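Q:
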Amino acid sequence: MSSLAVTKLDGTAKGGVVIGISDQFQIPVRYIGVGEGISDLQVFNKTEFVDSFFN
Numbered sequence: 001m002s003s004l005a006v007t008k009l010d011g012t013a014k015g016g017v018v019i020g021i022s023d024q025f026q027i028p029v030r031y032i033g034v035g036e037g038i039s040d041l042q043v044f045n046k047t048e049f050v051d052s053f054f055n
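Each residue of the sequence shown is one higher than the one before, starting from 1 at the first, in this note's numbering.
#1: May I ask which residues mark the beginning and end of the beta strand (DSSP E) holding VAL34?
#2: Starting from GLN42, follow the beta strand (DSSP E) in both directions and report where the run begins and ends.
#3: Run through the DSSP bridge pairs and tell me what VAL6 is partnered with.
#4: May I have the straight-line CA-CA distance separating GLU48 from ASN55, to the nearest angstrom?
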């Protein structure tokens, strides 16, 4: 199974583009990077991601 890992997720524009690509090609986003190191990879939670736009 193919999936995406988004590193250096430092802006909503980049996140929006990734979500668009994920939707268009039906490839799920599995991980996001929120820092500089490997320990900063997190499992992607789409609900938390969308909620972050409104908080």
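Ideal placement from N, C-alpha and C gives every residue a C-beta, glycine not left out.
Predicted model, so just to flag it, every value in this text is computed and none were measured.
A: If we stick to the structure as given:
#1: Here residue 34 refers to the residue found at position 34 of the sequence shown. Run containing VAL34: none; DSSP gives neither H nor E here.
#2: Translated into positions along the sequence shown, residue 42 becomes position 42. For GLN42, the enclosing beta strand (DSSP E) starts and ends at 41 to 43.
#3: Locating residue 6 in the sequence shown gives position 6, where the first residue counts as 1. The secondary-structure analysis by DSSP pairs VAL6 across a beta bridge with ILE32.
#4: Position 48 of the sequence shown, counted from the start, is the residue given in the question as residue 48. Position 55 of the sequence shown, counted from the start, is the residue given in the question as residue 55. C-alpha separation (whole angstroms): 10 Å.
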